[in-house]
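Written below as structure tokens is the structure these notes are about.
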Amino acid sequence: MKKTLTLLAAMALAASTFAIEVGKTAPDFSGTDINGKTVKLSDYKGKIIVIESYNSDCPFCHNQYATGAMQELQKDLAAKGVVWLIVDSVNTKNFSYRTPEQARKEFADEKITATAWIDDNSGTIGHLYDMKTTPHMFVIAADGTLVYDGAIDNRPQPFGDPRTAKNYVSTAVDELIAGKPVAVSQTKPYGCAVHYAN
Amino acid sequence: MRRIGILICICLAALTASAAHTHVRLLLSADTAKPGDTIWAGVDMKMDAGWHTYWKNPGDSGIATTIKWDLPPGVTAGEIQWPLPEKIPPAEVTTYGYENEVMLLVPLTLATNLSPGPLVLKAAVSWLECEQQCVPGSTNVEATLNFGGETKPSADAAMIESWQSKLPKPTQGWPFRAWWEKATNDDTRPLIIELLPFSQKPSAKIDRADFFPDASDQFEVQAATESIPEVNAEFCIRKLVKKFSGDWPKEISGVLVEESGQTHSGFNVKIPISNQVPIKQSVSSITNQPSVLPAQPLWQMLLYAFIGGLILNLMPCVLPVIALKILGFVSEANSEPRRVRKLGLIYTLGVLLSFLALAAVVIGVKAAGHHAGWGMQFGSPVFIVCLTTLVTLVALNLFGIFEVTLGGRALDTAGGLASKHGAAGAFFNGVLATILATPCTAPFLGAALGFAFAQSASIIVLIFLFVGLGLSAPYVLLSWNPAWLKFLPKPGAWMEKFKIAMGFPMLATVVWLFNVAASSYGKNVLWLGIFLVVVAFAAWIFGEFFQRGRKHKTVAAIVTLTLLAVGYAFALEKQLDWRAPFVETASAGSLKESADGIDWQRWSPEAVAQARAAGKSILVDFTADWCLTCQVNKGTSIEISSVRAKLKEINAVALIGDYTHFPDAITTELNRYNRAGVPLVLVYPKNANAPPIVLPEVLTPNIVLNALNQAAQ
Numbered sequence: 000m001k002k003t004l005t006l007l008a009a010m011a012l013a014a015s016t017f018a019i020e021v022g023k024t025a026p027d028f029s030g031t032d033i034n035g036k037t038v039k040l041s042d043y044k045g046k047i048i049v050i051e052s053y054n055s056d057c058p059f060c061h062n063q064y065a066t067g068a069m070q071e072l073q074k075d076l077a078a079k080g081v082v083w084l085i086v087d088s089v090n091t092k093n094f095s096y097r098t099p100e101q102a103r104k105e106f107a108d109e110k111i112t113a114t115a116w117i118d119d120n121s122g123t124i125g126h127l128y129d130m131k132t133t134p135h136m137f138v139i140a141a142d143g144t145l146v147y148d149g150a151i152d153n154r155p156q157p158f159g160d161p162r163t164a165k166n167y168v169s170t171a172v173d174e175l176i177a178g179k180p181v182a183v184s185q186t187k188p189y190g191c192a193v194h195y196a197n
Numbered sequence: 000m001r002r003i004g005i006l007i008c009i010c011l012a013a014l015t016a017s018a019a020h021t022h023v024r025l026l027l028s029a030d031t032a033k034p035g036d037t038i039w040a041g042v043d044m045k046m047d048a049g050w051h052t053y054w055k056n057p058g059d060s061g062i063a064t065t066i067k068w069d070l071p072p073g074v075t076a077g078e079i080q081w082p083l084p085e086k087i088p089p090a091e092v093t094t095y096g097y098e099n100e101v102m103l104l105v106p107l108t109l110a111t112n113l114s115p116g117p118l119v120l121k122a123a124v125s126w127l128e129c130e131q132q133c134v135p136g137s138t139n140v141e142a143t144l145n146f147g148g149e150t151k152p153s154a155d156a157a158m159i160e161s162w163q164s165k166l167p168k169p170t171q172g173w174p175f176r177a178w179w180e181k182a183t184n185d186d187t188r189p190l191i192i193e194l195l196p197f198s199q200k201p202s203a204k205i206d207r208a209d210f211f212p213d214a215s216d217q218f219e220v221q222a223a224t225e226s227i228p229e230v231n232a233e234f235c236i237r238k239l240v241k242k243f244s245g246d247w248p249k250e251i252s253g254v255l256v257e258e259s260g261q262t263h264s265g266f267n268v269k270i271p272i273s274n275q276v277p278i279k280q281s282v283s284s285i286t287n288q289p290s291v292l293p294a295q296p297l298w299q300m301l302l303y304a305f306i307g308g309l310i311l312n313l314m315p316c317v318l319p320v321i322a323l324k325i326l327g328f329v330s331e332a333n334s335e336p337r338r339v340r341k342l343g344l345i346y347t348l349g350v351l352l353s354f355l356a357l358a359a360v361v362i363g364v365k366a367a368g369h370h371a372g373w374g375m376q377f378g379s380p381v382f383i384v385c386l387t388t389l390v391t392l393v394a395l396n397l398f399g400i401f402e403v404t405l406g407g408r409a410l411d412t413a414g415g416l417a418s419k420h421g422a423a424g425a426f427f428n429g430v431l432a433t434i435l436a437t438p439c440t441a442p443f444l445g446a447a448l449g450f451a452f453a454q455s456a457s458i459i460v461l462i463f464l465f466v467g468l469g470l471s472a473p474y475v476l477l478s479w480n481p482a483w484l485k486f487l488p489k490p491g492a493w494m495e496k497f498k499i500a501m502g503f504p505m506l507a508t509v510v511w512l513f514n515v516a517a518s519s520y521g522k523n524v525l526w527l528g529i530f531l532v533v534v535a536f537a538a539w540i541f542g543e544f545f546q547r548g549r550k551h552k553t554v555a556a557i558v559t560l561t562l563l564a565v566g567y568a569f570a571l572e573k574q575l576d577w578r579a580p581f582v583e584t585a586s587a588g589s590l591k592e593s594a595d596g597i598d599w600q601r602w603s604p605e606a607v608a609q610a611r612a613a614g615k616s617i618l619v620d621f622t623a624d625w626c627l628t629c630q631v632n633k634g635t636s637i638e639i640s641s642v643r644a645k646l647k648e649i650n651a652v653a654l655i656g657d658y659t660h661f662p663d664a665i666t667t668e669l670n671r672y673n674r675a676g677v678p679l680v681l682v683y684p685k686n687a688n689a690p691p692i693v694l695p696e697v698l699t700p701n702i703v704l705n706a707l708n709q710a711a712q
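What follows is the structure, encoded as structure tokens:
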């Protein structure tokens with residue numbers, strides 16, 4: 000028990016040293032997308048970037064897509080020139096893991112509009128960004144600063160229409176485009192735990 | 000046949016996939032109840048193996064179980080009482096919840112005017128159950144309560160009672176302490192929670208403690224808990240708190256979990272969070288505790304404060320004003336002793352009120368979250384410029400360039416001296432003495448102030464008041480014992496000479512203040528000098544043509560004011576930019592003072608750690624440009640050939656901590672040794688496990704050499 004807690008403490012300290020911070024530069028990362036291409040955050044320098052921690056088996060994530068709300072948001076923002084990166088950190092042994100082939104099928108079936116779906120089964124990007132839940136959303140301004148970290152909206156329900164909720168991501172993007180400061184920059188993310196490798 | 004089989008399989012599969020892994024039922028503590036009763040409802044949730052549901056604060060992910068009641072009129076439901084949950088791994092996404100089974104307890108109150116008949120109590124329970132994946136679940140439950148003349152417990156009452164014993168217990172009046180540690184991030188701060196020992200402590204010795212926080216939208220207490228070994232407390236833990244929005248919380252509420260052997264007990268706590276680290280009353284057994292850290296009772300501290308105040312009278316920055324006071328005495332002695340006594344008290348009042356104002360400022364600054372250090376007002380360059388100008392004017396006044404009612408108007412013994420003048424002079428005298436005394440931390444004063452700054456506001460006020468009393472004591476004594484006035488010299492021409500002579504220590508103070516200002520203004524401090532010359536010239540015009548002159552008085556006044564205005568506008572505002580000086584950027588590397596001087600390196604906690612890891616002894620000198628005692632120590636006991644040689648001989652590292660601009664890192668370090676300000680000189684022994692030797696405030700070469708010898712063993 001003592002060992003676990005020491006480990007927890009060490010991780011907490013490590014987390015606090017490396018943890019990303021709203022208001023500071025978002026750390027760069029490199030991953031492979033489901034088409035086999037290498038994707039880097041720095042590839043999209045100069046654009047507004049939205050990062051989504053994804054797992055469609057999680058009822059909260061699933062509801063966003065089943066109601067079509069997430070796809071609408073993605074299309075909307077794409078039209079505004081926003082880059083959308085899906086990060087799937089589910090480990091390969093987990094029930095919810097999608098092979099690149101399965102992922103490509105899901106991408107097409109669900110009519111997802113995203114710049115890339117990154118297969119992060121090692122959990123590197125997830126840990127770098129301290130992703131806790133699915134969905135867990137991040138918004139990065141064109142100058143590379145992390146301006147939002149938290150829940151997708153203010154309605155932590157796995158059912159009902161998310162369009163009725165206040166969407167923190169679209170609000171933050173609108174504020175960025177208008178040159179205004181992002182009013183709500185941090186909220187507690189909700190959802191299911193990210194299934195990291197142990 | 001096969002087709003039907005397959006169909007059944009598919010149906011079953013569909014059923015089990017969508018079937019909840021949690022079975023919920025509603026139990027009541029009574030079969031029959033009467034109006035006015037409060038009975039307990041137990042929402043019993045049984046989870047399949049491997050599945051869990053969540054606590055009122057689910058943690059990093061998950062959703063808390065909710066209960067929506069549909070009750071007949073007259074029946075009201077209270078808040079859900081949650082039994083103690085478990086912490087569910089993994090570490091990166093830790094949650095609080097229940098495995099196997101939990102019964103959420105809800106008090107149901109029956110109104111006194113309830114109409115008779117069976118009561119059907121319904122509830123819609125929603126939850127999230129997770130194993131490898133998460134599935135939201137919900138179900139409707141109901142139970143019937145009979146209305147009757149008396150309360151009859153149900154068969155489930157015993158089970159409900161056993162679950163009630165798993166609820167966290169209250170902690171009224173328990174001596175908890177919580178405080179913030181220095182943050183490393185803008186949005187994350189470490190929080191320390193501690194429980195002091197006390198007599199009515201119910202449970203056995205605690206093996207480990209943990210804290211499960213209540214949920215909040217504004218901030219999140221992260222799950223990892225670090226135990227801090229603390230001999231003087233039941234337990235001491237560190238939690239990291241991340242803020243999403245708003246202000247940092249002023250209190251923390253949640254459930255304290257104590258592990259004693261196999262049992263886990265929960266306690267509801269609500270603890271106010273302090274911004275200051277509380278002082279440890281007795282020596283702790285943690286290694287790295289400095290070897291000089293006695294426990295000081297309050298009366299001893301106050302005594303030291305008083306003696307320190309007395310000694311302040313002798314400080315070079317205060318002594319000239321004392322002389323002025325004595326001159327005042329001498330002239331007053333020839334008038335009624337009663338008036339002298341009154342003036343003595345007013346002087347004391349001036350000193351005490353100034354110290355109270357200082358105390359209020361310290362408390363205010365501490366409240367603003369910034370560590371306060373004695374002499375802190377000297378850190379403000381605006382203050383230094385004002386003080387330098389003031390002391391220059393006092394010197395000019397003593398030289399007789401112009402006159403001012405400073406209490407030094409000893410020669411004005413003409414009758415009809417309005418008592419107001421005298422009182423104002425005495426009061427102002429007291430205030431000035433206080434202002435000048437502050438940066439000189441005398442030996443006794445050091446310990447007292449170190450104690451005071453970490454204390455509560457009331458103790459700070461007390462300590463400051465006692466210093467003030469010490470400072471004003473001689474004057475009060477002399478004013479109250481007219482008999483002793485006999486021993487004071489009679490007024491005469493010598494007084495004028497004495498007055499002028501006292502102008503010179505004042506000039507010396509100006510030069511010293513000028514040097515302090517130089518660290519804030521760099522080379523531009525030249526303009527401060529020019530401003531002082533303009534002020535001197537204006538003072539002469541004022542004295543010669545306005546005060547002593549007979550005609551053209553208005554012209555003189557106008558010229559004086561113009562000179563001052565121009566001097567201010569040009570020298571101070573334009574050239575010097577006195578309110579926003581540049582701060583010298585720290586340069587890396589050695590800070591040697593002369594060719595064969597000690598090779599000082601810049602102090603930092605990392606530098607200390609590095610040197611200790613290399614097995615070297617370390618001499619650490621915390622000093623400041625404005626600290627007179629520090630400069631004296633340096634000249635007499637540190638930058639001397641014997642110490643330089645000794646440092647080389649034992650291959651020690653010399654680190655210098657510059658406190659001139661009050662860097663927070665050094666304030667924290669000073670507080671750790673119970674010191675409020677500089678000087679602080681430490682000698683770390685070669686043996687990395689040994690605590691550092693804390694040297695006294697006033698040094699002699701022997702003190703330093705002995706410490707270095709000890710360190711090298």
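Just so you know, the sequences run in chain order U and V.
FYI, numbering that gives the first Met the number 0 numbers position 37 of the first sequence as 36, with every residue one higher than the one before it.
FYI, numbering that gives the first Met the number 0 numbers position 213 of the second sequence as 212, with every residue one higher than the one before it.
Positions of the beta carbon are idealized from the N, C-alpha and C atoms, including for glycine.
Can you tell me whether DSSP reads residue i as helix, strand or coil?
i	result
I151/U	coil
S55/U	coil
S95/U	coil
D411/V	Note that D411/V scores 41 on pLDDT, short of 50, meaning its location in the model is unreliable and no value can be drawn from it.
P135/V	strand
T387/V	helix
V677/V	coil
C191/U	strand
Near residue i, which residues of its chain fall below 6 Å by C-beta distance, leaving aside the five closest residues on each side in sequence?
i	result
A68/U	P161 and R162
A517/V	V524
R408/V	In this prediction, R408/V has a pLDDT of 44, which is less than 50 and means its spatial position is unreliable; what the coordinates show is noted afterwards. Correct list: empty, nothing qualifies.
Q709/V	none
Hey, out of the options, whose CA is closest to residue i's CA?
i	options	result
P690/V	E696/V, V697/V and V682/V	V682/V
M501/V	R671/V, Q275/V, K633/V and V393/V	V393/V
D118/U	D108/U, Y43/U, G80/U and H194/U	H194/U
Q80/V	A687/V, T65/V, A90/V and G73/V	T65/V
Name the two residues that bound the continuous beta strand (DSSP E) containing residue i.
i	result
I66/V	T65 to D69
S161/V	Looking at the DSSP string, S161/V is not in any beta strand (DSSP E); the run it does join, the alpha helix (DSSP H), is A156 to Q163.
W54/V	H51 to G58
R601/V	W599 to R601
If you follow the alpha helix (DSSP H) that residue i is in, where does it begin and where does it stop?
i	result
G469/V	A456 to W479
H126/U	T123 to L127
Sorted by chain position, which residues of the same chain lie with C-beta nearer than 8 Å to residue i's C-beta, five sequence neighbours on each side aside?
i	result
R643/V	D595, G596 and I597
L707/V	S616, L618, V642, K645, L646, I649, A651 and V682
N56/V	A63, Y95, F211, P212, D213, A214 and G253
Which residues in the same chain as residue i place their Cβ atom closer than 7 Å to its Cβ, once the five residues preceding and following it in sequence are excluded?
i	result
G58/V	T93, T94, Y95 and A222
W116/U	D32, I33, I85, D87, A102 and F106
R207/V	S226 and E258
G414/V	Confidence at G414/V is low in this model, with a pLDDT of 28, below 50, so the placement of that residue should be treated as unreliable; the coordinate-derived value is given next. Here the set comprises nothing.
inquiry  = Under 8 Å, CB to CB, which of the residues in the stretch 218–230 of chain V have a partner in chain U?
reply    = E219, Q221, A222, A223, T224, E225 and S226
task = Can you give me, in chain order, the residues of the stretch 139–155 of chain U that have a beta carbon less than 8 Å from any beta carbon in chain V?
result = G149 and P155
ask   = Which residues, in chain order, does the stretch 91–109 of chain U contribute to contact with chain V at a C-beta distance below 8 Å?
value = N93, F94 and S95
message = Under 9 Å, CB to CB, which of the residues in the stretch 169–199 of chain V have a partner in chain U?
response = T183, N184, D185, D186, T187 and P189
request  = Please list the residues of the stretch 154–174 of chain U that have a C-beta atom closer than 9 Å to any C-beta atom in chain V, keeping them in chain order.
outcome  = P155, Q156, P157 and F158
ask   = When you check each C-beta in the stretch 57–77 of chain V against every C-beta of chain U, which residues fall closer than 8 Å?
value = D59, S60, G61 and I62
message = Along the stretch 230–259 of chain V, where does the CB come closer than 9 Å to a CB of chain U? Name the residues.
response = R237, K238, L239, K241, K242, F243, S244 and E258
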